[in-house]
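Everything in the sequence shown is counted per our numbering, starting at 57 for the first residue and increasing by one. Note that beta-carbon positions come from the ideal geometry of N, C-alpha and C, so glycine has one too. Encoded as structure tokens, the structure appears first; notes follow it.
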Amino acid sequence: MEEKKIGPRTVDEYIAGFPLEVQTILLKLRKVVRDAAPEATEKISYQMPTYFLNGNLVHFAAFKNHIGFYPTPSAVAGFSAELAGFKNAKGSIQFPIDQPLPYSLIERMVRFRVEENLKIKQKRK
């Protein structure tokens, strides 16, 4: 019987699993997300770093040729003009790993998601 491989249990473990140059990108991305959403909790979900505040805010993941950023379909639609130069789909964006990430844009998307999730919480009350 095969043993099931257990993935990282923390964001630190996730980041540590990559080469140093990728770790540097992920650490900066993590800081940008945490600074934009200081109230959010950090966890691993879907085997990737996830930030949660009244629901999922954003996820990110490293791949061979890109950093995947998952800010939900509403954020991708809301920032579609600025994302035109990047491969994206309904709720995901691919930032080439060999180019600087647009950290300011990422920060604004995270703040957008925080506002969305706070409005959802207020509607539930």
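Per-residue DSSP class, three states only, for residue 121: By one-based count along the sequence shown, residue 121 stands at place 65. Residue state, collapsed to three classes: coil.
Exposure of residue 182, with buried meaning 16 or more beta-carbon neighbours within 10 Å: As shown, the chain starts at 57 and ends at 181. That puts residue 182 outside it, with no answer to give.
Coil, strand or helix - residue 98 by DSSP: Numbered from its first residue, the sequence shown carries residue 98 at position 42. If DSSP states are grouped into helix, strand and coil, residue 98 belongs with the strands.
Rounded separation between residue 65 and residue 116 - CA only: Here the question's residue 65 lines up with position 9 in the sequence shown. Here the question's residue 116 lines up with position 60 in the sequence shown. Spanning the two alpha carbons is a distance of roughly 15 angstroms.
Cut-off 6 angstroms between Cβ atoms - residues of its own chain near residue 159, not counting five sequence neighbours on either side: If you number the sequence shown from 1, residue 159 lands on position 103. In the same chain as residue 159, and ignoring 5 residues on each side of it, the C-beta atoms closer than 6 angstroms to its own belong to 88, in chain order.
Stretch pair the region 78-97 + the region 147-167: three plus CB contacts closer than 8 angstroms: The region 78-97 is in contact with the region 147-167.
Pairwise C-alpha distance: residue 128 and residue 63: Counted from its first residue, the sequence shown places residue 63 at position 7. Counted from its first residue, the sequence shown places residue 128 at position 72. About 23 angstroms.
Interface flag, residue 129 vs chain C, CB-CB below 7 angstroms: The structure shown contains no chain C; it holds only a single protein chain.
CA-to-CA distance, residue 176 to residue 134, given in whole angstroms: Here residue 134 is taken as the residue at index 78 of the sequence shown, counted from 1. Here residue 176 is taken as the residue at index 120 of the sequence shown, counted from 1. Taking the straight line from one Cα to the other gives about 17 angstroms.
Endpoints, beta strand (DSSP E) assigned at residue 106: Taking the sequence shown and counting its residues from 1, one reaches residue 106 at position 50. First-last of the beta strand (DSSP E) with residue 106: 104-108.
Neighbour-count burial assignment, residue 140, 16 or more Cβ in a 10 Å radius: Start at 1 with the first residue of the sequence shown, and residue 140 comes out as number 84. Counting of Cβ neighbours within 10 angstroms places residue 140 among the exposed residues, the total staying below 16.
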